[in-house]
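Here the structure is laid out as structure tokens; the discussion comes afterwards.
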Amino acid sequence: MYKFFFRLFFSRMDPEAAHHLAFRWIRLAARVPVLRTYLAALLAPRHEELRTEALGLRMHGPFGLAAGFDKNAVGVDGLAMLGFDHVEIGTVTGEPQPGNPKQRLFRLLPDRALINRMGFNNEGSAAVAARLGARDPVFRTTVGVNIGKTKAVPEAEAVADYVKSAERLAPYADYLVVNVSSPNTPGLRNLQAVDHLRPLLTAVREAADRTATRRRVPLLVKIAPDLADEDVDAVADLAVELGLDGIIATNTTIAREGLGLSSDPAVVQETGGLSGAPLKARSLEVLRRLYARVGDRITLVGVGGIENAEDAWQRILAGATLVQGYSAFVYEGPFWARAIHKGLAARLRTSPYATLADAVGADVRTAA
Ligand SMILES: Cc1cc2nc3c(=O)[nH]c(=O)nc-3n(C[C@H](O)[C@H](O)[C@H](O)COP(=O)(O)O)c2cc1C
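For reference, each letter of the sequence shown is one residue, going 263 to 630 in the numbering used here.
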């Protein structure tokens, strides 16, 4: 039904306009009490066996919406209503900024992929903090807050920009993510080098502790799939050294591998980060590598090319406690999160593992 609708309607629209329209409908539905109660009952995860404890938080299930969909935290309840058990808002930057000129989002339909060069369009940390502070949640859901660097801020002042966001947003974040992996802010990914990352993560940790005084907000870092394997290992070692709570693997890629021949070559050449199905193999590989290195000492979040329950299950077996997706939501529609949670519950029931936690990393432990 959604796929028919998508082909007929959304696929003919500009992708960013389609996003705004669909998101507006989701938010509208969430404002109608009877409708939202009905939809949440239908779509939200309620499988006992999927209950997840991660980052010191209790969740109904392991699957959530990756950063970038709700950059300004305007629709968390609507997204929770659709069954995403955690919603990562952002990326939020220290200062508001418009992002890159349009067109900046492209569909690669035959490859079930997207290319984006949004460039962190967002209302800035002060506005988003005010919105989160005023929020009266309808659904109990986990809200992650993903922060990045304001484009106009020089690289030498990046730490101060992240600190500003962390101070403002940490009090409202169930967990905080330092995003150093978007390909669309010049120089951002250089911050993944351990020499830059150490002072950045240390400063953000201190900033969060300064303002979120009632509890210790879990801190994670989100990395790119384009890191060399040795650099993935170096980030993993640093995360352990600093006592970081988690690593999110991965963001979009600047590579153009894994694409079929049918996507329009002109679109394939667009600058930006590629997400969706072609990212699957590398994201899984990075996750396995991280788990082999850090084991259960750090919570791993698997994201990149997850399209169905089997993909999500494979991430859990490869070491992910939480899994996220974005691109396939566009192609699969509003029943997507429900299908993933349902399929995960079915897989767990027929697996040799008593709990979801037992399944985390099982493939990597067997291989070792
Ligand atoms: C349009 C778009 C915007 C995104 N914006 C952000 C962002 O602001 N911050 C971020 O950390 N990741 C962002 N991402 C990356 C996703 O969170 C995710 O890591 C990536 O798309 C891989 O997952 P997927 O293959 O399920 O889409 C964005 C992705 C897309 C498609």
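The beta-carbon is built from N, C-alpha and C at its ideal position, and this holds for glycine as well.
Backbone CA spacing between leucine 304 and alanine 607 [nearest angstrom]:
16 Å
CB-CB length for methionine 321 against aspartate 347, believed under 8 Å:
Their Cβ separation, rounded to whole angstroms, is 5 Å, which keeps methionine 321 and aspartate 347 in contact under 8 Å.
Checking 7 Å against the spacing of the C-beta atoms, do leucine 549 and glycine 508 come in under that value?
no
Rounding to the nearest angstrom, what Cα-Cα distance links alanine 580 and serine 537 in this structure?
Cα to Cα, alanine 580 sits roughly 20 Å from serine 537.
Contact between the stretch 421-432 and the stretch 392-411 (3+ Cβ pairs under 8 Å):
yes
Which one of Arg544, Arg577 and Ala435 has the shortest CA to CA distance from aspartate 491?
Arg544
I'd like to confirm the pairing. Which residues does DSSP put opposite asparagine 408 in its beta bridges?
Val439
Same chain, Cβ closer than 6 Å to alanine 435, five either side skipped, listed in chain order
Val407 and Val479
Taking the alpha carbon of aspartate 625 as the reference point, which residue from Arg393, Trp575, Arg476 and Leu270 has its own alpha carbon closest?
The shortest C-alpha separation from aspartate 625 is found at Trp575.
The stretch 416-425 / the stretch 489-505 touching (three or more Cβ pairs under 8 Å)
no
Quickly, what does DSSP pair leucine 552 with across the bridge? List them, please.
Answer is none; leucine 552 lacks a bridge partner.
Just list the beta strand (DSSP E) runs in the stretch 465-510, keeping only unbroken ones of 3 residues or longer that don't cross its boundaries, in chain order.
Runs of the beta strand (DSSP E) lying entirely within the stretch 465-510, each at least 3 residues long, are 481-485 in chain order.
Hey, isoleucine 377 and valine 565 are a contact pair by Cβ (cut 8 Å); roughly how many whole angstroms apart?
Going by Cβ atoms, the distance from isoleucine 377 to valine 565 rounds to 17 Å, so no, they are not a contact pair.
For ligand 1, I want to know if glycine 567 counts as a neighbour, meaning its beta carbon is within less than 6 Å of at least one of the ligand's heavy atoms.
yes
Distance check for alanine 335 and proline 433, CA to CA, integer angstroms please.
14 Å
So for asparagine 383, helix, strand or coil by DSSP?
Of the three classes helix, strand and coil, the one that applies to asparagine 383 here is coil, per DSSP.
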